[in-house]
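Reading through the structure tokens given below for one structure.
Number of protein chains: 2
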Amino acid sequence: VTTDTISPTRVRLLEAAADLFYRHGPQVGVDAVCRTAGVSKRSAYQMFDSKEDLLAAGLEYRTSAYLGYLFPREGDDQSPAEQILHVFRRLEKLSGSAAYRGCPFVAAAVEVRDPLDPTSVAARRAKDLLTAFFQTRAAEAGAADPEVLARRLTFVFDGGSAFVAVQARDLDGAAVDMAREVLSQAGLL
Amino acid sequence: VTTDTISPTRVRLLEAAADLFYRHGPQVGVDAVCRTAGVSKRSAYQMFDSKEDLLAAGLEYRTSAYLGYLFPREGDDQSPAEQILHVFRRLEKLSGSAAYRGCPFVAAAVEVRDPLDPTSVAARRAKDLLTAFFQTRAAEAGAADPEVLARRLTFVFDGGSAFVAVQARDLDGAAVDMAREVLSQAGLL
């Protein structure tokens, strides 16, 4: 589906699916999604073949908004290392919100389990976009091994997210401090 | 309940609850747990007030076995830093198993959501035991800030676990390499 074919009804369904999936997990019912979206079940099943497809499409739809929140604006003139730190500052901010219970992509993979389920595939792609952002910026900054550095930064991000999920409290600077240390040891700060 | 009051029936219930919870999440039914354990539902409800209590007790019961696998043996004569690396070598090994889908404590917290649910409390306690292990060893090794180092090592552990859950493939040395780097930068290796 290309952007110009997205109807308001479809958008309401995708938003509702993404919200309820994050709040309640994969056992969320199509009934509940339709009720929240104000869309009939019949219409929903005309647009999506199954609940799995609807949940996967909801996660995909949310990916750009979520990453858009984490990433610096296009044309940001900060250094690549500062742009990487921007992501961790956003994570710190998210961690202070009661609604945030850790990375939605990791949560989706953990809850859906089957790595071939369309939602797991969407979650993996979304997480790969975060790692690719780190890798591109690390390369721009002249890192010796941008791939390894990007994976380490992803570990810090996901470790920080797991902390929020398990401890149910904010990061209090721990993720941004560790990211800064990792960048500094790689000679980027 | 102290150890000497644990009956074989109770153990079978706890094992089944822990297994099915990890494999299927909190929507697992008491019926399924009882069937797997070969225990009547009536007996189960004589031992546990609710499904929540049964799942929490299952996670608690598993904690010592899981941490026992991760930690070096008592009386291990490796250096504290090597004992810390032992945990990451075990995580690497776990990551190669098809049954491993990331840290069961993080998964429990993510899936149960409510931080006051007894299962979330058990998950938090279990994760705190891992962080406490890191902190004790870091202090023994003379780390400048054992608390910060322990939290960073926990981030690496949970980031590595999240990688396994999302990518559905093994860590290929990435977690142990990053842990070694963190220990080295802290002057412990």
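Residue numbers (the numbering used here), protein chains in the order written: chain H, 1 to 189; chain R, 1 to 189.
Every residue gets a Cβ at the ideal spot worked out from N, C-alpha and C, and that includes glycine.
Just so you know, these numbers come straight off a predicted model, no measurement behind them.
Mind pulling the chain R residues with CB within less than 8 Å of residue i?
i, result
"Gln135/H", "Chain R residues near Gln135/H: none, gap ~14 Å exceeds 8 Å."
Could you work out which residues of chain H lie near residue i, taking near to mean beta carbons separated by less than 7 Å?
i, result
"Arg90/R", "Near Arg90/R there are no residues of chain H at all, since even the closest Cβ is about 17 Å away, more than 7 Å."
"Met178/R", "Arg152, Phe155"
"Arg113/R", "Arg101"
"Lys127/R", "Val166"
"Arg124/R", "Val166, Gln167"
Run through chain R and tell me which residues come within less than 7 Å of residue i, C-beta to C-beta.
i, result
"Ala32/H", "Those within 7 Å of Ala32/H in chain R number zero; the least Cβ separation is about 14 Å."
"Phe105/H", "Val166"
So which residues of chain H does residue i contact, with C-beta pairs closer than 9 Å?
i, result
"Gly160/R", "Phe155, Asp158, Gly159"
"Glu181/R", "Arg152, Val182, Gln185"
"Ala174/R", "Val148, Arg151, Arg152, Phe155"
Since residue i is in the alpha helix (DSSP H), which residue starts that stretch and which ends it?
i, result
"Tyr66/R", "51-70"
"Cys34/H", "30-37"
"Phe21/H", "8-24"
"Asp128/H", "118-140"
"Arg180/H", "174-185"
"Ala107/R", "104-112"
"Ala162/H", "146-167"
"Ser43/R", "41-47"
"Ser95/H", "80-95"
Would you mind stating whether residue i and residue j have Cβ atoms separated by less than 8 Å?
i, j, result
"Ala18/H", "Tyr61/H", "yes"
"Phe157/H", "Leu91/H", "yes"
"Gly38/H", "Arg12/H", "yes"
"Val166/R", "Val106/H", "yes"
"Glu111/H", "Pro26/H", "yes"
"Ser97/R", "Leu171/R", "no"
"Leu70/H", "Thr119/H", "no"
"Asp49/R", "Lys41/R", "no"
"Arg113/H", "Val176/H", "no"
"Val182/R", "Arg152/R", "yes"
"Ala141/H", "Ser79/H", "yes"
"Ala186/R", "Ala143/R", "yes"
"Leu14/R", "Ala81/R", "no"
"Ser20/H", "Thr36/H", "Reading off the sequence, residue 20/H comes out as Leu, not Ser. The answer is yes: Cβ separation under 8 Å."
"Ala56/H", "Val33/H", "no"
"Ala194/H", "Leu85/H", "The question about residue 194/H has no answer, for chain H in this structure spans 1 to 189."
"Pro115/H", "Ala168/R", "yes"
"Gly159/H", "Gly159/R", "yes"
"Arg10/H", "Met47/H", "yes"
Taking C-beta pairs closer than 9 Å, name the residues in chain R that residue i reaches, listed in chain order.
i, result
"Gly25/H", "Gly25, Pro26, Gln27, Val110, Glu111, Arg113"
Which chain H residues sit within Cβ distance under 8 Å of residue i?
i, result
"Phe163/R", "Arg151, Thr154, Phe155, Asp158"
*Could you tell me whether the stretch 58-73 of chain H touches the stretch 84-104 of chain H, using the rule of 3 or more Cβ pairs below 8 Å?*
Touching, yes, given that three or more Cβ pairs across the two stretches are closer than 8 Å.
*asked:* Does the contact criterion of 3 or more C-beta pairs under 8 Å hold for the stretch 124-131 of chain R versus the stretch 124-142 of chain H?
replied: Because the criterion of three Cβ pairs below 8 Å is not met, the stretch 124-131 of chain R and the stretch 124-142 of chain H do not touch.
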